[in-house]
Amino acid sequence: MSNKPHILYITYDGLSDPLGKSQILPYIKALSKAGYRFTILSFEKKQRIELEKTRIEKELQEYDINWHYALFTSFPPFFSKIKDIISLYKISRRIAEKDKIDAVHCRSYVASLAGLNLKKKKGIPFIFDMRGFWADERIEGNIWNGKNPLFRRAYHYFLKKEKLFFEISDAVVSLTYKGIEVAEKRYNRSFSDKAFVVRTCTDTTIFNVKNCTVESRAKFRSQITKNNDAFVLVYAGSTGTWYMMEDMFRFFEKFLQHKPGAIFLILTQTPEAEVRVFSSKIPAENVVVKSVEYGEMPQWLHACDAGIYFIRPLLSKQASTAVKTGEMAACGLPAVVNAIGDMEMLFKNYQMGIMVGDLSDASLEEAARKLSLENIPRAEFPPEFSLDAGVEKYKEVYSFVSKTGSSGDEPDNQKD
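First residue of the sequence shown: 6, per the working numbering; consecutive thereafter.
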């Protein structure tokens, strides 16, 4: 039996999901090399796991990582979630009964139901890795119909659990300092004694200025525009729910008045026709929509002159940080962004582009004018977004929990 600290990592996101590949596995593999033993419990989409299972198993075996998974279900709505939660409880308890677990690390709210249960029943130290205000995201993002009694009940259920996640957990991990502030205000108590901020991970071996050559920039720019002097503004990612496409196109419309030949490049999996609904006031030739492979994203970003992303200024997003924040900065790409979460602090501490105070016409016009001057320096990459920095932070979390967390030999007999 290994003497390494044994972490049970629970995620409702799949390892076969893009997020699992970019934001979960890199950390766990690096932490495995740093002296921790992992067992992972994930929920996988059927179509993806059928394609990815063999590859993932082989990858995890190289790091001696144990993996258990259940199939993610989405139908019927609401009741499928209950089914998944029952599976989550059963599998996590079975794992904890078979092997000594030194800490259970839970990514977001659904996974944290199991962490809370193991904390109560077996006294296993519980790490609440919140990722965002998940229950509020369901309502604010119209993922759950707030007028439906079932979804209203689910919302209030998770709010009650959220309070327990914050209060009973041995450590809280947030993507932003603002997220901790919001939680402290909501529950009228301080969590600073056990709170840690770990940013989204950017793989700087891939997203790196040094990886782009003059030749590759020319190659990718030629697929965007034939005008070598055209200014290319880029948005990369999904176009629904959290991102303010209408306002980004409002900004570009104003930017075109300063740079008539500019191109707005949209890199997304969203069908082009759906994207062009937002661009009706802009000449078609000034908007380019492409679906590209994630592995080529650094080259596409290097081919551009600036990035943009506006996130809806909702309470639930105060605890979130866009993955593209680190990726664009690592490529040296200055970005035009709005104030959400820790963005104001980051843009104050690092040269990362232009912060738009609000989305009024006057503010957008001023930001467009500044960008058109083309004297915005290359973006600085905040070191805290690197994989190495994230790994060191998680080591701090695990060390903290090992010293302050409850012992697995002293179960708490509280009821669920």
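The beta carbon of each residue, even a glycine, is placed where N, CA and C say it ideally should be. Values in this document were obtained by computation on a predicted structure and should not be read as measured data.
Between the CA atoms of residue j and residue i - distance to the nearest angstrom
i      : j      : result
Glu167 : Val237 : 43 Å
Thr181 : Val361 : 19 Å
His424 : Cys309 : In this structure the chain extends from 6 to 421, so residue 424 is not present and cannot be described.
Leu164 : Val219 : 51 Å
Asn8   : Phe256 : 56 Å
Arg226 : Gln304 : 9 Å
Ala335 : Lys127 : 43 Å
Glu298 : Pro23  : 11 Å
Ser284 : Leu306 : 21 Å
Glu385 : Gly331 : 10 Å
Ile173 : Ile316 : 31 Å
Leu320 : Lys231 : 42 Å
Glu415 : Leu123 : Any reading at Glu415 is ruled out, since the residue's pLDDT is 39, under 50, leaving its predicted position unreliable.
Tyr32  : Glu401 : 14 Å
Tyr68  : Leu30  : 11 Å
Pro318 : Leu364 : 10 Å
Asn150 : Phe156 : 6 Å
Ala340 : Glu349 : 13 Å
Cys206 : Glu145 : 25 Å
Gly358 : Ser195 : 33 Å
Phe48  : Thr78  : 9 Å
Phe254 : Thr326 : 22 Å
Arg204 : Ala39  : 19 Å
Strand pairing of residue i, partner residues [DSSP]
i      : result
Thr207 : Ser391
Leu76  : Glu49
Ser179 : Val202
Arg112 : Thr16, Asp134
Arg42  : His11
Ala311 : Leu238
Ile316 : Tyr248
Status (buried if at least 16 other CB within 10 Å, exposed otherwise) for residue i
i      : result
Asp417 : Residue confidence for Asp417 is low, a pLDDT of 44 falling below 50, so the modelled location carries little weight and cannot support an answer.
Leu369 : buried
Ser404 : exposed
Glu102 : exposed
Tyr192 : exposed
Ala278 : exposed
Ala119 : buried
Tyr162 : exposed
Leu121 : buried
Ile148 : exposed
Lys152 : exposed
Ile12  : buried
Thr246 : exposed
Ala289 : exposed
Ile15  : buried
Ala324 : buried
Asn291 : buried
Asp198 : exposed
Three-state secondary structure assigned by DSSP to residue i
i      : result
Ile271 : strand
Tyr68  : coil
Val402 : helix
Lys295 : strand
Ala5   : Residue 5 is absent from the structure shown; the chain starts at 6 and stops at 421.
Gly245 : coil
Leu4   : In the structure as shown, the chain begins at 6 and stops at 421. Residue 4 is therefore absent and cannot be evaluated.
Ala340 : strand
Asp141 : helix
Trp305 : helix
Gly128 : coil
Lys286 : coil
Gly300 : helix
Ile54  : helix
beta-carbon residue i near the ligand FAD non-hydrogen atom, thresh 7 Å
i     : result
Gly40 : As presented, the structure is devoid of all ligands, the ligand FAD included, so that no description of it is given.
- Message: Just to confirm the assignment: which complete beta strand (DSSP E) runs, minimum length 3, are found wholly within the region 343-394?
- Response: 358-361
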